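K.L.:
Start counting the sequence shown at 1239; every next residue gets the next number (the working numbering).
Backbone N, C-alpha and C fix where the C-beta goes; we use that ideal spot for every residue, glycine too.
Here the structure is a predicted model, which means the values were calculated and not measured.
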Amino acid sequence: MSQGILTSADNTALNAEKVSVREGEIMRTSVEVVRAAQLTWADTLRVTVDNNGQTKLASFGRWDFIVRYYDSDGTYYAKWLPNINGTPGDNEWQMVRIGLNGPTEYFEPGILNPQEDMVILAKLNPPPGDGTTGEVIVATPNGIKDSIYFFNPGYTLLVPHAENTTIAGTRYYELAEAAPDDGTAMTETTDLFTEGEVGRKILKNENDSSRLARHVFSLTGISEIPSANWTVYYRCRTFDFQGINDNEISFNLDVLIRKADGTVRTTLATKAARAYLETDEVDTWVTKSANYNFPGYTVVDDSDYLEIVYYGETQGDGPGHDGYMQIRIDDSNLDEADQTRIEA
């Protein structure tokens, strides 16, 4: 009898301990779905999930991945998608990489450690319809979940943001697909142009001159960037130029491919999409646009990044006074039509 009572008490204590451990694990687990976009260059849903908790996460085959969306006919779908190890087929998802705020996984391969993020590719059939909004829900094996809405505009929409991506130890700003400005606004500015100075200067964070206006877009899951006519929009101004001539002050950009090791694979364009200011647009915020005929690019390695670099340039008589050239990014108070962005 006493042995039976002791065994029963021991089992109760052990079960209580297991419950306590599980509850503690759940309390320390947290994930955030930070980005989701239907890639126009791959017909694939790409999702980024951040481990913002205190526990290591793995066993991705036991995770829940649920998508709710409308197709082009207006039919509504709510799908649970299975995880696979290879390239996803219709209505499947794959964990393609883990990294610490970028493409590099520094320790414990295959485990999503705290502060790391993972990138998921999912193939939806039928695909989301143009001009529709969907939702992604991701849940860990112990039931912790997060969700995010995604918008599928039906065309390429790339928007510079203030969030960071780290490549080979260097921080770059993010270029996100189909993600209008959602931040408190950041101004990127040139160094000082003196009166009458002619030249071209890279923009940088107004509050941190070490952070250049280099915005990167991951090519994970993309094999080809098609040729297209890009329309580049700049929310821009001169600051304290006081006077300019028509078509002598412009904002423009460089387009390049950067490798995961931090080196440049190739430069696709320089001084592209020049948007000129007019005399009456001096020293006031305006939205300007210019076109760039992107020639197309076959992706060599999908760990690479498309990089957009913003510049200000003066020509002719230059500015009428010492001053700066600036663009505004990630300003959620702006109408989408006035935001800095690229459309194709």
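#1: Suppose contacts are defined by Cβ-Cβ distances below 7 Å. Is ARG1452 in contact with VAL1547 by that definition?
#2: Just how far apart, CA to CA, sit ALA1406 and ASP1518?
#3: Quick one: what does DSSP say GLU1433 is sitting in, helix, strand or coil?
#4: Grouping DSSP H, G and I as helix and E and B as strand, with all else coil, what is ASP1569?
#5: Note down, in chain order, each residue of its chain lying with its Cβ closer than 8 Å to the Cβ of ILE1322, except the 5 sequence neighbours on either side.
#6: Helix or strand or just coil, what does DSSP make of GLY1372?
#7: Thinking C-alpha only, which one of ASN1467, VAL1520, TYR1471, ASP1302 is nearest ILE1487?
#8: Given ASN1571, which residues of its chain have a CB within under 8 Å of its CB, disregarding the five upstream and five downstream residues?
#9: How about the stretch 1555-1562 and the stretch 1465-1479: do they share at least three Cβ pairs that are nearer than 8 Å?
#10: Tell me which same chain residues have a C-beta within less than 6 Å of the C-beta of VAL1537, skipping the five on either side of it?
#11: Should the stretch 1371-1391 be called in touch with the stretch 1272-1279, which here means at least 3 C-beta pairs below 8 Å?
#12: GLU1346 by DSSP, collapsed to three states: which one?
#13: Select from GLU1433, GLU1435, GLY1434, ASN1445 the residue whose C-alpha is nearest the C-alpha of THR1425.
#14: What is the DSSP secondary structure of PHE1303, counted as helix, strand or coil?
#15: Would you mind reading off the limits of the beta strand (DSSP E) that contains TRP1279?
#16: I need the DSSP call for PHE1479, collapsed to helix, strand or coil.
#17: Assess contact between the stretch 1426-1434 and the stretch 1311-1327, defined as three or more Cβ pairs (one per stretch) separated by less than 8 Å. Is contact present?
#18: Taking only three categories from DSSP, how would you classify THR1427?
#19: Going by alpha carbons, who is nearest to GLU1352 out of ASN1485, ILE1375, LEU1295?
#20: Whole angstroms are fine: how far does the CA of VAL1271 sit from the CA of SER1385?
#21: Going by C-alpha distance, which of LEU1515, VAL1334, ILE1382, TYR1535 is nearest ALA1360?
#22: Have a look at PRO1533, ASP1420, ASN1443, ARG1409 and flag the residue whose alpha-carbon is nearest the alpha-carbon of VAL1454.
#23: Based on the DSSP output, what are the partners of LEU1491 in its beta bridges?
#24: In three-state terms, what does DSSP make of ASP1311?
#25: Less than 8 Å between the CB atoms is what I'm expecting for ILE1336 and GLU1354, so what's the real figure, rounded?
#26: Please confirm whether GLU1545 and LEU1506 have their CB atoms less than 7 Å apart.
#27: Are the CB atoms of ASN1529 and LYS1509 nearer to each other than 7 Å?
#28: In terms of alpha-carbon separation, which member of GLN1564, ASN1363, GLN1292, ASP1569 lies closest to ALA1513?
#29: Applying the 10 Å Cβ sphere with the 16-neighbour rule, what's the burial state of ASP1311?
P.N.:
Taking the coordinates as given:
#1: The criterion of a C-beta distance shorter than 7 Å is satisfied by ARG1452 and VAL1547.
#2: Near 44 Å, if we compare the C-alpha coordinates of ASP1518 and ALA1406.
#3: GLU1433: coil per DSSP, three-state reduction.
#4: Reduced to three states, the DSSP call for ASP1569 is strand.
#5: Shown here for ILE1322: same chain residues with a beta carbon closer than 8 Å to its own, the five before and five after excluded, namely GLU1330, TRP1331, GLN1332 in chain order.
#6: GLY1372 falls in the strand class under three-state DSSP.
#7: Ranking the options by Cα distance to ILE1487, first place goes to VAL1520.
#8: For ASN1571, the CB contacts under 8 Å within the same chain, skipping 5 residues up- and downstream, are ALA1423 in chain order.
#9: Segments in contact, yes.
#10: The answer, listed in chain order, is LEU1457, ILE1460, SER1461.
#11: Contact between the stretch 1371-1391 and the stretch 1272-1279 is present, because at least three Cβ pairs lie under 8 Å.
#12: Reduced to three states, the DSSP call for GLU1346 is coil.
#13: Proximity to THR1425 across GLU1433, GLU1435, GLY1434, ASN1445 peaks at ASN1445, based on C-alpha coordinates.
#14: PHE1303: strand per DSSP, three-state reduction.
#15: That residue, TRP1279, is in no beta strand (DSSP E); it is neither H nor E in DSSP.
#16: Residue state, collapsed to three classes: coil.
#17: Taking 8 Å as the limit for Cβ pairs, the verdict is that the stretch 1311-1327 does not touch the stretch 1426-1434.
#18: In this structure, THR1427 counts as strand in the three-state DSSP scheme.
#19: It should be pointed out that residue 1352 corresponds to Pro in this sequence rather than to Glu. Of the candidates ASN1485, ILE1375, LEU1295, the one whose C-alpha sits nearest the C-alpha of PRO1352 is LEU1295.
#20: Cα-Cα distance, rounded: 6 Å.
#21: Ranking the options by Cα distance to ALA1360, first place goes to VAL1334.
#22: Considering only alpha carbons, the answer is ARG1409.
#23: Its beta-bridge partners are ALA1510, TYR1548.
#24: Residue state, collapsed to three classes: coil.
#25: Correct: roughly 6 Å between the Cβ atoms.
#26: Between GLU1545 and LEU1506, the C-beta gap is not smaller than 7 Å, which leaves the two residues out of contact.
#27: Taking 7 Å as the Cβ cut-off, ASN1529 and LYS1509 do not qualify as a contacting pair.
#28: For the residues GLN1564, ASN1363, GLN1292, ASP1569, the minimum Cα distance to ALA1513 belongs to GLN1564.
#29: Under this definition ASP1311 is an exposed residue.
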